[in-house]
Amino acid sequence: MLRAVKPRTAAGKRAMRKREPQLVEGAKPAVFMKGTNTSQLVTAIFRDLYSLKRPDAVLMSKRNEVRPFEDPRSLEFFSQKNDAALFVLANHSKKRPHNLVFARMFDYQLLDMIEIGVERGTPMEMFKGAKPGVGHRPLILFSGDCWDSTDELRTFKSILLDMYRGTNSMDGVDLAGLEHVICMTAIDSTKVYLRTYTIQLKKSGTKLPRVELEEMGPSCEWVVRRHRAADADAWKAATKVPKELKTKTVKNIERNAMGDQVGRIHMEKQDFDKMQTRKMKGLKRGPNEDEDEEDAEDDIPAFAKKARINME
Amino acid sequence: MDVTEQLQALKLKYKSVEVEKLIPVDFDLGNLVAYDTNSVDVEELRKNGDRYLHDIAREGTQLLLNQIFALPTESSPEGVYAKLPAGTTVVPRAKPIPKDKPLTRWEKFAKVKGIQKKKTSRKTYDESVQEYKPKWGYQGANNTADDWIKEVPDRADPMEDQYEKAREEKTARVTKNKTQERRNLQEAAATAAGQNPRDVRKAEVRKKILESKGATASMGRFDKQLKNEDAVKVKRTKRKFESATQDGAAEKEGVMNVVKKVLKGEDGKLINMTTAVKHVHQKGGMKVVDMDEGKKKKQKGRSKK
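As they're listed, the protein sequences go chains F and D.
Note that the numbering used here numbers the first sequence so that position 230 is 230, with each residue one more than the last.
Add 312 to the 1-based position in the second sequence for the numbering used here, that's all there is to it.
Structure follows, in structure tokens:
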């Protein structure tokens with residue numbers, strides 16, 4: 001583990017401050033690293049995944065002996081070192097050919113991870129045509145009815161979404177910057193198809209554009225292998241919403257179908273005795289009025305007192 | 313041409329933006345995600361492969377973009393921006409929620425009194441140099457140490473060094489600030505541990521008094537007393553001496569024990585390795601001792617002869 005050090009220079013202090021937990025977090029930084037052995041296929045797909053994640057990604061050039069399913073400590077070390085929350089690890093072995101491990105960290109500790117194998121794949125460079133610019137947010141599409149059927153796919157979906165969703169900035173999203181879409185199609189509980197396309201917006205005669213897609217790569221077939229689900233306590237801690245960001249429910253105020261604000265107001269019980277009615281000479285309280293009231297107290301309820309006076 | 317005919321012609325001219333799905337697609341517009349839970353036709357996939365996947369993707373993207381383009385937009389010179397709602401999918405955070413920083417003494421006081429921070433400019437106009445300068449810090453306006461002349465105030469000792477005085481005052485201010493900073497940290501640490509900072513400080517002072525009392529040979533008997541020092545009771549164990557007239561066997565045993573310990577070492581070893589290694593390191597590392605050095609010298613001497 002790395003020591004917690006006290007910064008000595010102003011630049012060091014700034015760097016440490018940058019690493020401090022934030023109330024609203026930006027895109028999670030990812031580290032892409034290679035294991036001891038990699039195949040040509042897995043390297044190509046791995047590099048494309050990196051280029052889709054840029055600029056919030058670091059590509060490590062050297063190989064590292066990292067086996068997160070056996071011992072996650074080395075991942076945790078790299079997480080601390082690079083301030084990274086996501087990992088993609090490429091590997092190739094006889095037992096698990098063309099292997100990719102997607103791991104996610106919380107507070108520099110391993111939260112969950114999923115291992116997949118690349119069965120067939122075509123890297124980005126094999127496709128002609130335009131590629132999206134760096135830093136453009138992709139559209140993401142999960143299709144198929146299996147995504148919520150197993151823990152493995154649920155984790156995989158969550159990690160993929162976390163990796164490519166970018167940040168929801170305050171000024172919104174540039175409509176002209178929506179250049180590409182990442183589609184993941186699960187056909188059963190183990191097999192997932194990845195396709196990526198660039199988007200072309202055509203005239204449609206209406207306000208909305210007609211979408212046409214052109215494949216840009218990478219495209220591959222994935223099989224789900226090993227999986228480590230998140231610890232229930234860690235997951236709970238990680239998904240806690242800060243008090244400041246919770247939306248407060250406003251009681252008794254609604255909007256109706258017309259979009260008007262409708263409120264319900266609770267009032268105190270009205271005291272009719274103090275209610276001002278029409279002022280007339282005859283209604284003025286006389287000196288012996290109090291006695292009359294005391295006599296009649298039993299049969300006339302309080303709210304009717306004024307009315308009785310009126311009747312007089 | 314009729315209006316309906318015109319619309320019909322337009323419809324034929326362009327491809328539709330409408331997509332029909334058996335199960336409606338879910339959207340999380342904050343994250344730009346669509347979840348299409350319609351089942352995949354495996355037969356179709358086997359037959360058409362990429363074409364089928366392309367169609368699924370196109371339809372999903374069309375639906376998602378229809379939703380995004382329907383959002384309220386804002387145009388700026390850089391382009392048209394759609395205001396996205398907050399994301400609805402639960403995604404874990406990368407780091408825990410930041411904790412509130414403990415308030416300093418001043419901040420607590422200001423809160424009680426309702427004192428609020430006022431924004432003031434960082435710089436002031438310095439009349440003497442006709443220039444804006446930062447109020448404090450590097451080349452700050454309050455830095456008077458570099459003034460080439462200083463006024464001696466009324467009724468001040470004329471022999472007093474005003475530069476020295478200013479320096480001392482500054483040192484005192486810095487020291488005071490440091491002390492307060494340290495105190496704030498200590499108090500924050502105590503509060504975080506669920507203790508009353510006052511009690512912690514009290515215990516610390518008490519401990520220091522006890523330590524200082526034990527530091528002199530007389531156990532503080534003749535030391536100058538602090539205010540309320542009597543409140544700190546010192547418990548001392550009474551020293552015990554053996555009687556001058558004890559029997560020989562007991563004395564012998566005691567002495568033999570000491571001798572054995574010295575000869576054997578504390579845990580049965582002659583040398584305490586930890587201490588020895590430490591000792592060597594402090595002396596500047598190991599030296600290679602040549603056991604035969606003396607012999608060689610002797611031989612050399614002989615051969616010369």
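Glycine is no exception: its CB is placed at the ideal position from the N, C-alpha and C atoms.
These figures come from a predicted structure and were not determined experimentally.
- Boundaries of the alpha helix (DSSP H) around D:E493: 474-504.
- One finds L344, V345, A346, G372, T373, L376, L377, I380 in chain D with Cβ atoms closer than 9 Å to the Cβ of F:L139, taken in chain order.
- For F:G144, the neighbours in chain D by C-beta distance under 9 Å run, in chain order, D348, T349, N350, S351, V352, I368.
- Contacts with chain D at 8 Å (Cβ-Cβ) include F:P21.
- The three-state reading of DSSP puts F:M184 in strand, counting E and B together.
- Counting along the chain, the unbroken alpha helix (DSSP H) around D:K576 starts and ends at 560-576.
- Proximity to F:K18 across F:V192, F:D83, F:A44, F:T185 peaks at F:D83, based on C-alpha coordinates.
- For F:K248, the number of other beta carbons within 10 angstroms of its own is below 16, and it is reported as exposed.
- D:H591 sits in a helix when the DSSP states are folded into three classes.
- Beta-bridge analysis with DSSP links F:L201 to F:V211.
- Contact of D:A501 with chain F is not assigned, every C-beta pair being separated by 8 Å or more.
- Taken in chain order, the unbroken stretches of alpha helix (DSSP H) that lie wholly in the segment 399-431 of chain D and span 4 residues or more are 417-425.
- Among the residues facing chain F, D:I409 is included, as its CB has a counterpart in that chain under 8 Å away.
- At least 8 Å separates the CB of F:P68 from every CB of chain D.
- With its beta carbon less than 8 Å from one in chain F, D:T401 belongs to the interface.
- With respect to F:F142, F:M216 sits apart: the two C-beta atoms are not nearer than 8 Å.
- In the three-state reduction of the DSSP assignment, F:W222 falls in the strand class, which pools E and B.
- Look at the segment 326-364 of chain D and you find these whole runs of alpha helix (DSSP H), each 4 residues long or longer: 354-360.
- Between F:E119 and F:E221, the beta carbon gap of about 4 Å places them in contact (Cβ cut-off 8 Å).
- With 16 or more other CB atoms across the displayed protein chains lying within 10 angstroms of its CB, D:Q374 is buried.
- The beta-bridge partner set that DSSP reports for F:H227 consists of F:I114.
- Here the C-alpha atom of F:G205 lies approximately 27 Å from the C-alpha atom of F:I182.
- Counting C-beta pairs with one atom in each stretch, the segment 32-47 of chain F and the segment 419-430 of chain D have fewer than three that are closer than 8 Å, which means they do not touch.
- Each of D:L376, D:F339, D:D353 was checked against the Cα of D:V329, and the nearest Cα belongs to D:L376.
- Here F:T9 is exposed. Its C-beta has fewer than 16 other C-beta atoms within 10 Å.
- Contact note: F:K240 reaches chain D through I409, using a C-beta cutoff of 7 Å and chain order.
- By the criterion of at least three beta-carbon pairs nearer than 8 Å, the segment 220-238 of chain F is in contact with the segment 100-115 of chain F.
- In the DSSP annotation of this structure, the continuous segment of the beta strand (DSSP E) that includes F:A103 starts and ends at 99-106.
- Judged by DSSP secondary structure, F:A90 falls within the beta strand (DSSP E) whose first and last residues are 86-91.
- Interface flag for F:P55 against chain D is unset, since no Cβ pair is found closer than 8 Å.
- The three-state secondary structure of F:S189, taken from DSSP, is coil.
- D:D340 and D:T401 do touch by the CB rule: their CB atoms are close to 5 Å apart, below 8 Å.
- By the neighbour-count criterion, in which a residue is buried when 16 or more other Cβ atoms sit within 10 angstroms of its Cβ, D:A453 is buried.
- Membership of D:P509 in the alpha helix (DSSP H) is indicated by the continuous run 509-526.
- Under a 10 Å Cβ-count criterion, F:F69 is classified as exposed, with fewer than 16 other Cβ atoms of the shown protein chains found around its own Cβ.
- Chain order gives the chain F residues near D:K325 as G205, where near means a beta carbon separation below 8 Å.
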